[in-house]
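In what follows, a single structure is set out as structure tokens and then discussed.
2 protein chains.
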Amino acid sequence: MKTILPFLALCLLLGVSTATAADTLPSWSDGAAKKAILQFVERTTKTGSPDYVPPVERIATFDNDGTLWAEQPMYFQLIFALDRVKALAPQHPEWRDKEPFASLLKGDVKGALAGGDRAIAEIVMVTHAGMTTAEFEQIVRAWLATAKHPKFKKPYTECVYKPMLELLAYLRANGFKTFIVSGGGIEFMRPWTEKVYGIPPEQVVGSSIKTKYEMRDGKPVLVRLPEINFIDDKTGKPVGINEHIGRRPIAAFGNSDGDQQMLEWTQAGGGARLMMLEHHDDAEREYAYGAKSHIGTFSDALMAEAKKSGWTVISMKNDWRRIFAFEQ
Amino acid sequence: MKTILPFLALCLLLGVSTATAADTLPSWSDGAAKKAILQFVERTTKTGSPDYVPPVERIATFDNDGTLWAEQPMYFQLIFALDRVKALAPQHPEWRDKEPFASLLKGDVKGALAGGDRAIAEIVMVTHAGMTTAEFEQIVRAWLATAKHPKFKKPYTECVYKPMLELLAYLRANGFKTFIVSGGGIEFMRPWTEKVYGIPPEQVVGSSIKTKYEMRDGKPVLVRLPEINFIDDKTGKPVGINEHIGRRPIAAFGNSDGDQQMLEWTQAGGGARLMMLEHHDDAEREYAYGAKSHIGTFSDALMAEAKKSGWTVISMKNDWRRIFAFEQ
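Chains D and Z supply the protein sequences, listed in that same order.
Following the working numbering, the numbering of the first sequence begins with 1 at its first residue and continues without gaps.
Following the working numbering, the numbering of the second sequence begins with 1001 at its first residue and continues without gaps.
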């Protein structure tokens, strides 16, 4: 007490915050990426700044797969779908002779996915449609409660990037409203985004299938139909942002070709803007992939676009001291 | 000061709020409707109440046409569309011989609308599609800045119900998040809902047409296409609520058959719920219409459903001391 009190008094006198820059975003290295974030927040939130943005307009959008949580060895939602096929197989003896299910049930994931988009769509529809929204939510919750990531041996909801959790909290502490804008399924994310990211369901934008309102035993339900409603990827991201948020973001974060249009749309507004792309370049702590990966492709064209447009590329290897909370 | 200070001190001592019940919702008469609102808010927000609802789950949804603002002599968005047809007519000489435009341009609105849904759809598409979202927003703003309601001789954004503005503010002061869930166009509402209702764009759910992302002169735009995306009415309301909010409301407010499913969906959740329907029964201060009106139909079946389900019917004549702020 003897030593701390005069120090606190001095801080108050000098108008210095006791929270130093080192306390903000502690999992970020002191490099260009962290600096870009701090400067952007300062410019847009400090009263009297020429780039000041009123709180209601402080919209920040985040891709999910590969941006907030991992996406390798494949999208977690696809792993969920494959697990569901196995769980549902006893009720579908016909799957034993029908692709893509036959290969999948023999443990040949690669063979099952060889059918491309059509095979994936079939797997998604039989595992995501045909039940009520409430039933689907329970299925997702039950899966998340037991499934583990093959490399990290942790629940998928722990395979989230600690620096990004800090960034979300930091932006919100500065009056930003944080949204997810993901190619993933909106109803696959909503059961857990509030707890894991602090992002409530109404701030989650994603892909969706159609639903239908009907009465079952005098109780209203929403039934999930095997029909695409919206694909929230690439040019779909600005469309989804406009439809759900109705306001242009001033900051946007992604990691792959699917995010380019979201960043373009964000940048095209006036005033201060922050566009960032995470580059998965840490094979040891996470994964190193990029231009040649089918999942989370970060093409050379995107890298060129980032340079041309002044978007910050975050090196997960160099800009992040720590990737996961469970790391030692 | 001499008399007030001891009174304030007494209030503090007794823990009594100086804001009495009479200050809350001043435009509401002290009847069953006001009582239902006050009791519901008390039950759901008071710590320790068996019906307590955490702030994040305090979702309240409001229809717009006929619930927050007037909808007679016809939906304001339809009046906007008719005005736009007239404004665009010089660029469309072919309309002089083509219905529904020909009748409309001769001043025969009834004749123009005789073509039913198809005629309305044609009018909506030529007036709502074919421009960028930014251009459409400017068109809406410009119209609202000059157009006047035929009966009240006021801008449409002043033809909003004062008791409902008080209710929105009262709910928000008690930690509720207020959403619009309207059959009206989402992009027709968003330019003004924040200023008029305190409801930001991201909390507006409505009908929409499709949009397409494209580059024009190196700048990204969203172009409005002449194709329906979503109709947020009747069974569409729970679908829209699920898609945009992802959480079931605990309170819902409407005024017509188009709101029934929203109220059913709200009621079907567990715990305390508040469902209310406004009945337009004041021909003098506003309009009296109901079962036989084509716009804002409040059918006998809906009235029976309200009685059966315990939904509160608000008599605008008796429950509201004042309807509009501009009233003397």
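Positions of the beta carbon are idealized from the N, C-alpha and C atoms, including for glycine.
- Going by DSSP, Thr45 (chain D) is part of the alpha helix (DSSP H) stretching over Ala32 to Thr45.
- Burial is judged here by how many other beta carbons sit within 10 angstroms of a residue's own beta carbon; Glu1094 (chain Z) has fewer than 16 and is exposed.
- The segment 115-195 of chain D contains, as complete alpha helix (DSSP H) runs of 4+ residues, the segments 116-128, 133-146 and 162-173 (chain order).
- When beta bridges are read from the DSSP output, His1279 (chain Z) appears opposite Z:Ser1315.
- Look at Tyr197 (chain D): its C-beta is not under 9 Å from any C-beta on chain Z.
- Here the alpha carbon of Val109 (chain D) sits roughly 12 Å from the alpha carbon of Ala81 (chain D).
- Look at the segment 52-83 of chain D: the residues with a C-beta under 7 Å from a C-beta of chain Z are Val56.
- Around Gly271 (chain D), the same chain offers Asp51 as residues with beta carbons nearer than 6 Å, after the five sequence neighbours per side are excluded.
- When C-beta distances to chain Z are compared with 7 Å, every residue of the segment 85-101 of chain D stays at or above that value.
- Counted as a single uninterrupted DSSP element, the beta strand (DSSP E) harbouring Lys1212 (chain Z) occupies residues Val1204 to Arg1216.
- Under the Cβ distance rule, Leu1222 (chain Z) counts among the residues neighbouring chain D, one pair being separated by less than 9 Å.
- Looking only at Z:Trp1143, Z:Ala1032, Z:Lys1034 and Z:Ile1059, the smallest Cα-Cα distance to Thr1045 (chain Z) is reached by Z:Ile1059.
- In this model, Ile1139 (chain Z) and Ala129 (chain D) are separated by some 40 Å (Cα to Cα).
- In terms of Cβ geometry, Gly66 (chain D) and Asn255 (chain D) form a close pair [threshold 9 Å].
- With a cutoff of 9 Å on beta-carbon distance, Lys1237 (chain Z) and Asp1257 (chain Z) are scored as not near each other.
- Taking 9 Å as the cut-off, the Cβ atoms of Ile1037 (chain Z) and Leu1168 (chain Z) do not count as close.
- Residue range Ile1059 to Phe1062 is occupied by the beta strand (DSSP E) that includes Ile1059 (chain Z).
- Neighbours of Asn242 (chain D) in chain Z, taken as residues at a C-beta separation under 7 Å, are given in chain order as Thr1133, Thr1211 and Leu1222.
- Straight across, the Cα-Cα distance linking Val126 (chain D) with Ala147 (chain D) is about 20 Å.
- In this structure, DSSP gives Lys219 (chain D) an extended state, which the three-state scheme calls strand.
- Asn1229 (chain Z) sits in a strand when the DSSP states are folded into three classes.
- If only complete runs of 4 or more residues are kept, the segment 1045-1114 of chain Z shows the alpha helix (DSSP H) at 1076-1088, 1101-1105 and 1109-1113, in order along the chain.
- For the 9 Å CB-CB criterion, Val239 (chain D) and Asp232 (chain D) form a contact.
- Listed in chain order, the non-local C-beta contacts of Gln72 (chain D) below 6 Å within the same chain comprise Tyr287, local neighbours out to five positions each way being set aside.
- The continuous stretches of alpha helix (DSSP H) do not include Ala1251 (chain Z), which lies in the beta strand (DSSP E) extending over residues Ala1251 to Gly1254.
- Close CB contacts of Gly1175 (chain Z) within its chain, under the 8 Å cut and outside five residues either way in sequence, are with Thr1045, Pro1055 and Arg1058 (chain order).
- Using beta-carbon distances, Arg1190 (chain Z) counts as an interface residue toward chain D, with a partner under 9 Å.
- Rounded to the nearest angstrom, the Cβ distance from Leu68 (chain D) to Val160 (chain D) is 6 Å, consistent with a contact under 8 Å.
- The continuous alpha helix (DSSP H) containing His1244 (chain Z) extends over residues Gly1236 to His1244.
- For Leu1274 (chain Z), the secondary structure class from DSSP, reduced to helix, strand or coil, is strand.
- Asn1174 (chain Z) has a beta carbon lying at 9 Å or more from every beta carbon in chain D.
- Taking a contact as a CB-CB distance under 8 Å, the pair Ala251 (chain D) and Arg216 (chain D) does not count as one, their CB atoms being some 43 Å apart.
- Contact between Ser29 (chain D) and Trp320 (chain D) holds: their C-beta atoms lie close to 7 Å from each other, under 8 Å.
- Setting aside the 5 residues that flank it on each side, Ala1325 (chain Z) is surrounded in the same chain by Lys1162, each with a C-beta closer than 6 Å to its C-beta; the list follows chain order.
- Think of a sphere of 7 Å around the beta carbon of Ala268 (chain D): the chain Z residues whose beta carbon falls inside it are Lys1219 and Pro1220, in chain order.
- In the DSSP assignment, Glu264 (chain D) falls within the unbroken alpha helix (DSSP H) covering Gln260 to Gln267.
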